[in-house]
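Protein chains: 2
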Amino acid sequence: MAVYTEVTDDALAAFLERYEIGRVVAFRGIAEGVENSNYSLRTTEGDFILTLYEKRVDPVELPWFLGLMEHLAAQSLPCPLPVRAQDGANLNPLAGRIAAITTFLPGIWPRRPTAAHCGPLGAALARLHEAGTGYAAERANALGPHGWRPLLDRCGESADRVQPGWGVELAAALDRILAAWPEDLPRGQIHADLFPDNVFFLDGAISGLIDFYFAATDYFAYDIAVCLNAWCFEADLTFNITKSRALLRGYQSIRPLAATETAALPVLCQGAAIRFLLTRLYDWINTPDGALVTRKDPMPYYRRLRFHAQTRSASDYGL
Amino acid sequence: MAVYTEVTDDALAAFLERYEIGRVVAFRGIAEGVENSNYSLRTTEGDFILTLYEKRVDPVELPWFLGLMEHLAAQSLPCPLPVRAQDGANLNPLAGRIAAITTFLPGIWPRRPTAAHCGPLGAALARLHEAGTGYAAERANALGPHGWRPLLDRCGESADRVQPGWGVELAAALDRILAAWPEDLPRGQIHADLFPDNVFFLDGAISGLIDFYFAATDYFAYDIAVCLNAWCFEADLTFNITKSRALLRGYQSIRPLAATETAALPVLCQGAAIRFLLTRLYDWINTPDGALVTRKDPMPYYRRLRFHAQTRSASDYGL
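Chains V and S, in that order, are what the protein sequence lines are. Mapping of the first sequence onto the UniProt record's numbering: position 123 corresponds to residue 123, and the numbering continues sequentially without gaps. Mapping of the second sequence onto the UniProt record's numbering: position 75 corresponds to residue 75, and the numbering continues sequentially without gaps.
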């Protein structure tokens with residue numbers, strides 16, 4: 001799924017001449033990551049990941065993402081460190097794309113997250129939020145609350161073709177969410193997409209946080225809400241409060257939540273659910289039938305949205 | 001493209017307990033290989049490839065393939081060595097599939113093969129043929145000449161829907177090829193699918209031959225014909241005799257061809273071309289429109305077939 005751009009040996013060799021990381025020993029496409037092309041690159045000096053940025057990523061935004069990763073890595077967060085070429089550039093052209101080399105992180109992402117994963121995850125998320133405070137440049141969250149209405153509008157009448165009644169129902173849900181959206185919560189750099197496949201574990205501890213290409217400047221507690229959606233529902237889409245409690249406790253062991261943040265959890269979780277519902281719905285409608293990408297079903301996020309719509313307070317999340 | 005079966009952390013850990021290769025350090029899906037699911041597996045003891053055999057591979061045939069790889073590796077051929085579990089088994093169940101661990105081979109497969117690749121390739125192919133002689137068990141080549149007529153018959157009238165006239169034309173071509181098919185050429189274990197993505201190079205030398213799951217017992221020179229088709233045509237489908245000459249010279253530097261083999265090259269090359277034409281045609285017809293696999297266009301092999309149909313002797317291949 002994740003090699004859209006082929007790199008010839010000659011092009012790779014020429015690209016690597018810009019860097020001081022030795023000669024190529026192995027180079028294999030990685031079947032993970034949906035947005036970009038990723039290769040596992042081994043050189044005589046170590047292991048790296050080579051990423052070619054595909055069309056969904058705006059090249060203008062790349063320096064912000066790579067700057068954030070560099071900043072977080074410098075704060076000892078286990079995230080990929082962009083490798084700079086001899087001239088200092090961490091972004092260089094390759095095979096008609098912009099490409100970057102980052103350090104390799106050990107670990108495995110959990111295919112079946114358990115409560116034992118959720119505590120370390122929460123703590124790592126809080127560390128990420130704290131580590132990001134010194135990174136001054138801001139990036140508006142294009143997929144935050146201001147982006148949801150335009151996204152639903154662009155789905156238009158097709159929403160009802162995916163699921164009868166969704167057009168009206170999602171518009172009403174969005175009205176309620178945006179009307180209740182909190183103001184002035186603590187904010188900073190958030191990951192905004194910290195799903196299990198972006199978190200590596202080794203011997204029970206977190207060894208890597210990857211894929212910062214949805215990162216933005218937004219409410220910290222919204223990032224928690226994304227994780228509650230991504231980590232705390234079972235395969236049958238029931239909510240697991242044990243996982244949620246572990247995640248929130250792990251988070252607060254590093255960064256205690258303000259009362260305004262805990263109070264906002266139900267609506268933030270609804271917002272996070274509708275964000276993934278809407279992007280999946282949009283992709284579902286706009287992916288041609290024969291396309292070589294996996295369309296993700298929006299329905300599981302509708303089910304999550306319905307769960308969050310009936311929660312009353314942070315206690316429903318185990319706090 | 002190449003992760004069809006997901007492996008949970010728990011299942012992987014339980015599977016690895018059968019082996020003595022240390023603890024997992026990293027585990028990533030590889031976006032290469034069309035038939036099976038492949039993972040890059042790093043443990044505290046080294047690097048390995050984990051393969052889960054998908055539906056196209058008959059489990060009954062796996063011991064033959066793995067036995068061949070073990071035999072070839074013991075002859076110092078740079079092919080993956082299946083790792084045996086503590087009980088001696090090199091095939092074990094994982095995630096509802098049969099799986100094997102093999103050693104990791106360094107190198108990069110050439111995205112744009114040049115004549116400089118073709119000499120070492122030819123020599124490696126000859127070494128493979130010689131190394132296989134001590135492996136006594138035979139495997140009939142299901143995709144050899146006896147398999148082509150049934151394959152075309154199963155395409156039936158759909159061939160004409162892919163390309164008008166193909167039904168009659170391919171049947172006639174197949175008649176000619178089978179009528180001229182040589183008897184009693186030197187035979188043994190052949191790779192039968194040695195395309196560029198199955199051959200790793202490092203510093204100009206071959207560092208790995210992989211993917212033996214089409215290997216069979218058949219004419220050595222037919223294996224050469226497969227390589228001439230796979231390596232010696234340009235992107236515009238013109239034949240490059242410089243590459244062909246390099247490949248044949250490389251081969252003969254290890255194993256000189258008999259006169260019967262060189263005389264048969266034109267028809268063997270036609271056979272190899274129609275073999276890939278027919279499997280691609282069959283897959284083209286039988287792949288549902290929305291399927292998540294890349295359908296390979298049969299047309300380039302029709303073009304190759306037409307080239308080979310007008311060659312007269314081995315001199316047309318640079319000998």
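Even glycine gets a Cβ: it sits at the ideal position worked out from N, Cα and C.
The Cβ atoms of S/Trp-231 and S/Pro-196 lie closer than 8 Å to each other.
Look at the region 99 to 119 of chain V: the residues with a C-beta under 7 Å from a C-beta of chain S are Pro-106, Gly-107, Ile-108, Pro-110, Arg-111 and Arg-112.
About 15 Å separates the CB atoms of S/Arg-97 and S/Asn-90; that is not less than 8 Å, and the two are not in contact. In chain order, Phe-48, Leu-50 and Val-83 place their CB closer than 6 Å to the CB of S/Ile-101, counting only its own chain and leaving out the 5 sequence neighbours on each side. Considering only beta carbons, the part of the region 16 to 41 of chain V lying closer than 9 Å to chain S consists of Arg-23, Val-24, Val-25, Ala-26, Phe-27, Arg-28, Gly-29, Ile-30, Ala-31, Glu-32, Ser-37, Asn-38, Tyr-39 and Ser-40, in chain order. Distance between V/Ala-259 and V/Asp-10, taken at the CA atoms: about 57 Å. The DSSP-derived three-state label of S/Thr-51 is strand. Excluding residues up to 5 positions away in sequence, Leu-248 and Thr-262 lie with their Cβ nearer than 7 Å to the Cβ of S/Leu-319 in the same chain. Per DSSP, the beta bridge partners of S/Asp-218 are S/Gly-188. In the three-state reduction of the DSSP assignment, V/Arg-97 falls in the strand class, which pools E and B.
Counting along the chain, V/Phe-15 sits inside the alpha helix (DSSP H) bounded by residues 9 to 16. At least one C-beta of chain V is nearer than 8 Å to the C-beta of S/Leu-202. The beta-carbon of V/Val-199 is placed no less than 8 Å from the nearest beta-carbon of chain S. Residue range 37 to 43 is occupied by the beta strand (DSSP E) that includes V/Asn-38.
Per DSSP, the beta-bridge partners of S/Ile-30 are V/Ile-30. Looking at the DSSP output, V/Gly-46 sits in a beta bridge with V/Thr-43.
Sequence-distant Cβ neighbours of V/Phe-65 in its own chain, meaning closer than 7 Å and more than five residues away, are Phe-212, Tyr-213 and Ala-215. The beta carbon of S/Val-7 falls within 8 Å of a beta carbon belonging to chain V, placing the residue at that interface. By a beta-carbon distance limit of 8 Å, V/Ile-285 contacts V/Cys-155. Their separation comes to about 6 Å. Counting only residues of its own chain and dropping the five nearest sequence neighbours on each side, S/Glu-35 has a CB closer than 7 Å to the CB of Glu-54, Arg-56, Val-57 and Tyr-213. Taking every protein chain shown into account, the CB of V/Gly-250 has 16 or more other CB atoms within 10 angstroms, so this residue is buried. The CB of S/Val-162 never comes closer than 7 Å to any CB in chain V; the least such distance is about 15 Å. Look at S/Leu-209 here: in three-state DSSP terms it is strand. Residue burial annotation: S/Arg-112 is exposed, with fewer than 16 other C-beta atoms found within 10 angstroms of its C-beta.
By the CB criterion at 8 Å, S/Ala-99 and S/Leu-68 fall outside the cutoff.
In this model, V/Cys-269 and S/Phe-15 are separated by some 37 Å (Cα to Cα).
In the DSSP annotation of this structure, V/Leu-202 is not part of any alpha helix (DSSP H); the continuous beta strand (DSSP E) holding it starts and ends at 199 to 202.
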